[in-house]
Amino acid sequence: MAPHHLPFFITPPNEVDVLMVVMGIFLVAVVLWVGTLYWRLHSLPERMAHKSQKLQFEIVAVLGLLALFTHIHLFWVAALLLAMIDLPDFSTPLRSIAGSVEKMASAAADEGGAAKPETKPDPAVPAASSETKAREPSNA
């Protein structure tokens, strides 16, 4: 065959193979793109929990890291499910109640002077018998 009848992708000797260079660049770009896609998919539970300001964000993040380093997919599935579930916030109402009780206690102490509230014995706790009291050392 004559050289002018050869296809365009066959390079003459001692010249740069343009098709190989283009395919090399394409291969590197595809590997980077697939890695980015994998990373985005892997961080999906973390992004979901962060976007909706979930209380369990740190647990989701730890499960995601465990799934990444151990390749146990159950951690990733658990993180995804935990990111989708809204856990109720128990700490905020309890803090509010504690703050209100603290304000009420300080207001009562200011009104009544140094009066202490009466304490009733707890019926669930048995009273100490005289034998137990006799065995305990005195701090006097």
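Our numbering numbers the first residue of the sequence shown as 70 and each following residue consecutively. The C-beta atom is built at its ideal place from N, Cα and C for all residues, glycine as well. Since the structure is predicted, the reported quantities are computational estimates derived from the model, not experimental observations.
A residue is called buried once 16 or more other Cβ atoms fall within 10 Å of its Cβ, and V129 is buried on that count. Shown here for E115: same chain residues with a beta carbon closer than 8 Å to its own, the five before and five after excluded, namely F126, V129, A130, G133, A148, A152 in chain order. As for any alpha helix (DSSP H) of minimum length 4 sitting wholly inside the stretch 104-184, the runs are 113-120, 126-139, 142-153, 160-180, ordered along the chain.
Going by C-alpha positions, S165 is about 37 Å away from L143. In terms of Cβ geometry, H111 and L137 form a close pair [threshold 8 Å].
In the structure shown, the three-state DSSP call for L75 is coil. A residue is called buried once 16 or more other Cβ atoms fall within 10 Å of its Cβ, and W102, having fewer, is exposed. Contact annotation, L124 with D86: C-beta distance approximately 57 Å; criterion of less than 8 Å not satisfied.
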